[in-house]
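Student: Take the sequence shown: its letter number 249 is residue 248 in numbering that gives the first Met the number 0, and every next letter is one higher.
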Amino acid sequence: MLLSSNLPFARVCGFVPKDDNSEYWNRHVPSLRKLQQFDVIMRDWGLWNRIKWDEVKQNIKEGVIEKEKELVGDTTHYHAYSGFETVTYEEGGKEQKKSQSKVTKRCNCEDWEHCPHPWVLADDGAGTIVKSKSKIIWGHKASVLGFPKQGVPIDAAAVADGATFDGKTLFPHVEKVFEHLPEIKPVIDRVLYDSACDDKALKEKFQEELNIELKTSLNPRRKKPVTENLPRGMKKVTPYGSLICAAGHEMDYKGIRYEAEKLIYQAPVNGNNISVCLNCEHKMECCPHADIGRTINLSFDCLPHIDTDDPPMAKRFKAIMTRRPSVERMIKRLKCDLGDDRLKKRGNASFQAYLDKTMIAFHVLLRN
Ligand SMILES: [Zn+2]
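Listed below in structure tokens is the structure:
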């Protein structure tokens, strides 16, 4: 529509020669069908994908993007342009249910029930994405990786099955990015991700195979706070390692003493820089002699769920993780500003082509 109604747009797209100012400039614009055929060729031969990598490479080479030491990643979903059905299948003698795309045939036979051609999924790659207990989306899933400080996405990859767990998509995606952008591989020493990748085995895999630290938000394996065998005056330790006292104050985490196997916390100060302990009603049974406020040495045994080599309460951990939400802004740019989260085409290849086209637009605009 834009091509046939907007002369400057058609000219910028390269369809109208410079010297043609006639009212018939429209004749230079290809038909919708030709444009669609072009898009299919670009998709099927992986050409959108190659242009995408070229654009990103060019921006790195020309210094439009600076190489960063960290990558940040997350997944996001797009609503599928298809319906699904629930099928029953057998696994290990048990009946299981799963959602899958409706099926169709690629042939033009009249009698699909009896013709020999195979049934195929109408929208391969689509799956059910669970957002919460009450919200399930039928859609395609993309894994996004980028530079956190600049907020620049460097790749968006279609996940072959929308229902794949995030912990499984990250490693292969990072490998693929290094394969296409080997120039950034020596620089990257850390990847930031949310709690979906808080997994010891995965972190070791990153360290051993790529020599990269995988830093994730904490996925608290335990749901309940620790309330027993705590030092006097202390009420609980949360699943995230926060220590709360009987008066309800959260103690400041100060550090760790590995030889003594203790974590050190201190009572916080109020707005006037005076310890909250001084006027506390629990002072007598908690810290009657302390005049600068309570210090607590908490034994590692009280926090069996916390990785003491990398405690999530530490300032350094928190400082690094403040850069993680940057990926949300990248996703917003791709999905809302330059794209649409409702897809208009079916199939994983079309979805990847859509992501590639959005990335191309992002990087062309970044350069200009
Ligand atoms: Zn057929």
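Backbone N, C-alpha and C fix where the C-beta goes; we use that ideal spot for every residue, glycine too.
Relative to the C-alpha of Y192, which candidate in V186, K202, K60 has its C-alpha closest?
Tutor: K202
Student: Kindly indicate which residue of L46, V190, P117, V173 has the alpha-carbon position closest to the one of K148.
Tutor: V190
Student: Using a Cβ distance threshold of 8 Å, determine whether the stretch 125-133 contacts the stretch 25-40, with at least three qualifying pairs required.
Tutor: Taking one beta carbon from each stretch, the stretch 125-133 and the stretch 25-40 have fewer than 3 pairs nearer than 8 Å; the two do not touch.
Student: Does DSSP put V28 in a helix, a strand or coil?
Tutor: Reduced to three states, the DSSP call for V28 is coil.
Student: List the endpoints of the continuous alpha helix (DSSP H) containing V176.
Tutor: 165-179
Student: Grouping DSSP H, G and I as helix and E and B as strand, with all else coil, what is A79?
Tutor: coil
Student: Rounded to whole angstroms, what's the CA-CA distance from S30 to C335? Just pull it up for me.
Tutor: 28 Å
Student: I'd like the list of long-range same chain contacts for T307, defined as Cβ closer than 7 Å, with 5 residues on each side in sequence excluded.
Tutor: I255, F299
Student: By DSSP's criteria, K235 is part of a beta bridge. Which residues make up the other side?
Tutor: I243
Student: Given this structure, state the Cα-to-Cα distance separating G161 from G91, to the nearest angstrom.
Tutor: 24 Å
Student: Can you look up V363 in the DSSP assignment and give me helix, strand or coil?
Tutor: Of the three classes helix, strand and coil, the one that applies to V363 here is helix, per DSSP.
Student: Return the first residue and the last residue of the alpha helix (DSSP H) that N58 is part of.
Tutor: Looking at the DSSP string, the run of the alpha helix (DSSP H) that includes N58 is 46-60.
Student: Under a criterion of Cβ closer than 6 Å to any non-hydrogen atom of ligand 1, which residues qualify, in chain order?
Tutor: K104, C106, C108, C114, H116
Student: Check whether the Cβ atoms of V236 and C196 lie closer than 9 Å to each other.
Tutor: no
Student: Here's a check: name, in chain order, each residue in its chain whose Cβ is nearer than 6 Å to the Cβ of W111, leaving out the five neighbours to either side.
Tutor: K104
Student: Beta carbon of R341, beta carbon of S100: below 9 Å?
Tutor: no
Student: Between the beta-carbon of T127 and the beta-carbon of S98, is there less than 9 Å?
Tutor: For T127 and S98, yes; Cβs fall inside 9 Å.
Student: Considering only DSSP beta bridges, list what T85 is partnered with.
Tutor: Paired residues: S98.
Student: With DSSP collapsed to three states, give me the class of N210.
Tutor: coil
Student: Please report the straight-line C-alpha distance between K253 and D53, rounded to a whole angstrom.
Tutor: 47 Å
Student: Whose C-beta lies closer than 6 Å to the C-beta of T294 among residues of the same chain, with five residues either side of it excluded?
Tutor: Q265
Student: Between the alpha carbons of K184 and G166, how many angstroms are there, rounded?
Tutor: So the alpha carbons of these two residues sit roughly 21 Å apart.
Student: Can D372 and K68 be called in contact, C-beta distance under 9 Å?
Tutor: Summary: the structure shown does not reach residue 372, with the chain confined to residues 0 through 367, and so no result is reported for it.
Student: By a C-beta neighbour count over all protein chains shown, 10 Å radius and 16 as the cutoff for buried, is H288 buried or exposed?
Tutor: Classification for H288: exposed.
Student: Assuming T163 contacts K140 under a Cβ cut-off of 8 Å, what Cβ separation, rounded to an integer in Å, is found between them?
Tutor: 7 Å
Student: Measuring CB to CB, does W47 end up less than 9 Å from I330?
Tutor: no
Student: Would you kindly report the start and end of the unbroken beta strand (DSSP E) that includes K134?
Tutor: 134-146
Student: How many Å lie between W24 and D123 at the Cα?
Tutor: 40 Å
Student: With H, G and I counted as helix, E and B as strand and the rest as coil, what does DSSP make of I40?
Tutor: helix
Student: Closest to I260 by C-alpha separation, out of A318, N367, P310, F146, would be which residue?
Tutor: It is worth fixing the name first, because residue 260 is Glu in this sequence and not Ile. With distances taken between Cα atoms, E260 lies closest to P310.
Student: So what's I330 in DSSP terms, helix, strand or just coil?
Tutor: helix
Student: Could you tell me which residues DSSP puts in a beta bridge with Q265?
Tutor: Secondary-structure assignment with DSSP links Q265 through a beta bridge to D251, T294.
Student: Give me whichever residues DSSP pairs with T127 in a beta bridge.
Tutor: W137
Student: In angstroms with no decimal places, state the Cα-to-Cα distance between V158 and E65.
Tutor: 27 Å
Student: For the pair the stretch 274-284 and the stretch 239-251, tell me if three or more CB-CB distances fall below 8 Å.
Tutor: yes
Student: Give me the Cα-Cα distance between E61 and H76, rounded to the nearest whole angstrom.
Tutor: 32 Å
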